[in-house]
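> The structure follows.
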Amino acid sequence: MKKPIAAIIFITAASIVIISLSFRDEVQPPDAIFINDAVQTAIQSGTVSESVNLLTDRLTQAFSAMDAARNSREDTLQIQLIVFVCVLALLGIGVCLYFERTFFTPFRRLQKFAHRIAAGNLDIPLEMDTHNLFGAFTESFDLMRVELRTARENEYKANLSKKELVASLSHDIKTPIASIMSAMDIMLIKAKDDKEKKMVESVNAKLEQINSLVTNMFHATLEELQALKVKPREMQSTEVATLIKDSDYEDRVTPFVIPDCIVVADSLRLQQVFDNIISNSYKYAKTAVVINAYIDRNYLVVEVQDFGCGVSEEEIPLLRNKFYRGKNAEKSDGYGLGLYISHYFVNEMAGKLICKNRSNGFSVTIMLMLAGQNI
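Quick note: our numbering has the sequence shown finishing at residue 378, numbered continuously throughout.
Structure follows, in structure tokens:
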């Protein structure tokens, strides 16, 4: 800011001094000494007429020289004035450009930045320029942007964590509820009198209510399924066998053997997968469940087979879609989410989930990546 002001003062002062010097050199008319010399020269001539002509010539020459000098000085002054005006104009343009670069452009940049912040765009940084008066403000505004972005990311992660917790808990609660409802059905059959039967029916009604509420809660958080984290790790195949047994709460799975190996899976999510698949067999097939397990190249293959009527071939590709339910499931409660969620979890574990009809039933095949393979 000080440099342009100093330049203006210097150029103005220099111009004033130059013009003042030009006015100081005023052209003077012929003085008395010049006239006296001219008269003395004229007197010394031969005749009066010659003296007059000589004096006239001397004075005419003197006044002509004075006029020429005056005209030259006026031309010089005009040139100086033109140059002075041009310099002032250029200086004005320079000052305007200086203020545009130093004040107005940074201000407009801050204004656009504020509009982006108000619109929620916190990813584009503010350009730094410490050579103008807004340099400190620029850095402070960009620090504010970084802090706002960090706060928004933390809020987003916190919301995802809450939704993950709700979705996970609501799903996991359904399995023990189903086990309790199965046990209550057995107690209802074995009830000895009407009072005991009524109590069991009351507990069953409450369990149905809880199951409905949990299902609604899970359904509400399903849109945020991406929040459900899958963390694969190396685990023994014996853990897979344990997960299958834990999912078999009606004890319909026939004895099975899992080959010894190490797979890459998330035990919590794999438990949910077996819960969904085996409970579907309970609900729709209502038959015994057979587990076939073997190693095929890079995968541990686990086939969950039932002996129900299966589904039509055109429905097979649709079973893993969200909310899709087969035609044979219309009379049963459900939302068409079990295979959709299971497919998502298995894919996140670098595995595969395949549904297919058999000649004597339906099967869901889960392929788990063996440890040490490239995912």
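Glycine residues also receive a C-beta, built at the ideal position from the N, C-alpha and C atoms.
All figures in this text were calculated on a predicted structure; none of them were measured in a lab.
Nearest CA to the CA of methionine 352: which residue from Asn214, Gly364, Gln308 and Leu303?
Residue Leu303 is the option with its Cα nearest to methionine 352.
> Answer with buried or exposed for glutamine 81, where buried requires no fewer than 16 other C-beta atoms within 10 angstroms of its C-beta.
Its Cβ having fewer than 16 others within 10 Å, glutamine 81 is exposed.
> Quick one: grab the DSSP three-state call for cysteine 99.
DSSP places cysteine 99 in helix when its eight states are reduced to three.
> Under a three-way DSSP split, which group does glycine 364 fall into?
Correct three-state label for glycine 364: strand.
> Could you tell me the distance, in whole angstroms, from the CA atom of methionine 184 to the CA atom of arginine 361?
C-alpha separation (whole angstroms): 31 Å.
> May I ask which residues mark the beginning and end of the alpha helix (DSSP H) holding aspartate 278?
Start and end: 270-283.
> What is the residue span of the alpha helix (DSSP H) that aspartate 379 lies within?
Nothing in the structure corresponds to residue 379, since the chain is present only between 4 and 378.
> Would a C-beta distance cut-off of 8 Å place isoleucine 281 and serine 250 closer than the cut-off?
Yes, the pair counts as a contact, with Cβ atoms nearer than the cut-off.
> Using only alpha-carbon positions, find the residue among Ala244, Thr59, Ile180 and Glu199 that is nearest to valine 217.
Selected option, being the one with the closest Cα: Ile180.
> Mapping the DSSP letters down to three states, classify leucine 340 as helix, strand or coil.
Three-state result, leucine 340: coil.
> Give me the Cα-Cα distance between arginine 300 and asparagine 363, rounded to the nearest whole angstrom.
Taking the straight line joining both Cα atoms gives about 27 Å.
> On the DSSP bridge list, what partners appear for aspartate 188?
The partner list for aspartate 188 (beta bridge, DSSP) is empty, contrary to what the question assumes.
> In the structure shown, what three-state DSSP assignment does methionine 352 receive?
Here methionine 352 sits in coil by DSSP.
> Rounded to the nearest angstrom, what separates valine 88 and leucine 113 at their Cα positions?
Their Cα atoms are separated by approximately 36 Å.
> According to the neighbour-count rule (16 or more other Cβ atoms, all chains shown, within 10 Å of its Cβ), is valine 260 buried or exposed?
Burial call: exposed.
> Along the chain, where does the alpha helix (DSSP H) that runs through leucine 113 open and close?
Run containing leucine 113: 108-121, per the alpha helix (DSSP H) assignment.
> With H, G and I counted as helix, E and B as strand and the rest as coil, what does DSSP make of asparagine 381?
Coverage of the chain is limited to positions 4 through 378, which leaves residue 381 absent and any answer about it impossible.
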